[in-house]
Structures are given as C-alpha cells and as structure tokens.
Ligand code: MN
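Numbering (my numbering), first residue to last: 19 to 210.
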C-alpha cells in the first residue's frame, strides 16, 4: 500500500471535512473494499470486499464500528460487480434498492493470518483482514454465526473490529460525507 498520503490522511477527519481522502492506485496494494451508505427502505451501510472479480456484500444496519470489540450485525446480500465501488447516486423509487447511495469509504484490504484463499475462508464462515481506507483502518473480522447453507435466508454474520485505535465513532449516516465527492445523502439526492 502506498504510504504517500499517510501524513495528509492522519491530519484529517474525512467524516468532517469535504477534502478528498485520495485513492490508492487501482490494482495496487491488494483487493478493494467499499462501504456505501444507502438510504433505502431502511437506512443502512453496505460493506463490500473484492473477492476475485466480484464484491462480496453485506448489509450492515448500524455500519462498521471504529471501536474494537463492537459487534455489528452484517446480513449477506448478493455479489456486486467491481465497478459498484464507484456508484453514488439515486436508485429510482420502485426499483430494487430504490433510494440514495453515497460512497462513504473505500480502499484496500489485506487478509490476515494464514488465510490465502479469501473465498474459501468466507465459505467456511470466518475472515480476518486489515482495512486501509480513507476512514476505516485497522483489523476487522467477519464471522458467520447463523445459517450458511446455499440460499439460506437466515444467514447472519458479525463484523467486529479486532485491533487498532478507535479514532472515531460510526458517523450519523445522514451527516456523513462521501469519500468520493464530499456530499451527504441529502446533497446527492438534491443533485439527482
Ligand atoms: Mn443496500
């Protein structure tokens, strides 16, 4: 991962400033992750990890925590295309997922421990990884605690921060700003 923006990023809280966090070059530094905020039927966060040529996806109602040990429910959703990490805008009412989406954070991640095959780790129900985003940094784990058979409607996971400092709380999603464009949900909706 590029260290070129470390000092710049360490000085700023991208939940509060509209300045860009800056992106690592695509394809450099490992697979991608993205966290979107989605103002659909219920307001939630979507947490996505690149595994091969798709984004494995979970809906996280309360969002990823920046505090170690905070457990956040993560409900799996369908795989999304890699290009979805750039999606910010309004899904028309009446369409699947209708509502406003912002790219809250993104960057790269690195699987931790002995895990080399991320897809296999997720099939077995546990993955530890380190996030290097504009806002989220440190080690996290995703652990399945319910379900897991193909097509299981009851499948549920926990997303927990396992290490690193707790430098901010999960933001109020209505005030949070896009790491891409600095806009809030309300501004994206108004611009659409
Ligand atoms: Mn969603």
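Every residue gets a Cβ at the ideal spot worked out from N, C-alpha and C, and that includes glycine.
Please list, in chain order, all residues of the same chain as residue 107 whose beta carbon is under 8 Å from its beta carbon, the five residues on each side excluded. Working through the chain shown from its first residue, we reach residue 107 at position 89. Excluding residues within five positions, the ones whose Cβ falls inside 8 Å are 118, 119, 206 and 210.
Distance between beta carbons of residue 128 and residue 147, contact taken as under 8 Å: Counting from 1 along the chain shown, the entry for residue 147 is found at position 129. Counting from 1 along the chain shown, the entry for residue 128 is found at position 110. So it is a contact: roughly 6 Å between Cβ atoms.
Relative to ligand 1, is the shortest distance from any of its heavy atoms to the C-beta of residue 58 smaller than 7 Å? Position 40 of the chain shown, counted from the first residue, corresponds to residue 58. Indeed, a heavy atom of ligand 1 lies less than 7 Å from the Cβ.
Does the distance from the C-beta atom of residue 150 to that of residue 126 stay below 8 Å? Numbered from its first residue, the chain shown carries residue 150 at position 132. Numbered from its first residue, the chain shown carries residue 126 at position 108. Contact flag set, yes.
Between residue 107 and chain D, is the shortest Cβ-Cβ distance under 8 Å, so that the two count as touching? Structure shown: chain D not included; a single protein chain is present.
Straight-line CA distance for residue 135 to residue 95? As a first step, residue 135 is located in the chain shown; it is residue number 117 there, counting from the start. As a first step, residue 95 is located in the chain shown; it is residue number 77 there, counting from the start. Rounded to the nearest angstrom, the two C-alpha atoms are 20 Å apart.
Beta carbon of residue 62: closer than 7 Å to some heavy atom of ligand 1? Residue 62 sits at position 44 when you count from the first residue of the chain shown. The answer is yes for residue 62.
Which residues mark the beginning and the end of the alpha helix (DSSP H) in which residue 7 is found? For the chain, the structure presents residues 19 to 210; residue 7 sits outside this window and is missing.
So for residue 96, helix, strand or coil by DSSP? Translated into the one-based positions of the chain shown, residue 96 becomes position 78. Residue 96 falls in the strand class under three-state DSSP.
Please return the same chain residues whose Cβ sits closer than 7 Å to the Cβ of residue 155, not counting the five positions on each side in sequence. Within the chain shown, the letter at position 137 stands for residue 155. Cβ neighbours of residue 155 beyond the five flanking positions: 149 and 182.
Nearest to residue 102 by CA position, among 116, 130, 72 and 158, is which residue? Here residue 102 is taken as the residue at index 84 of the chain shown, counted from 1. If we check each option's Cα against that of residue 102, 72 comes out closest.
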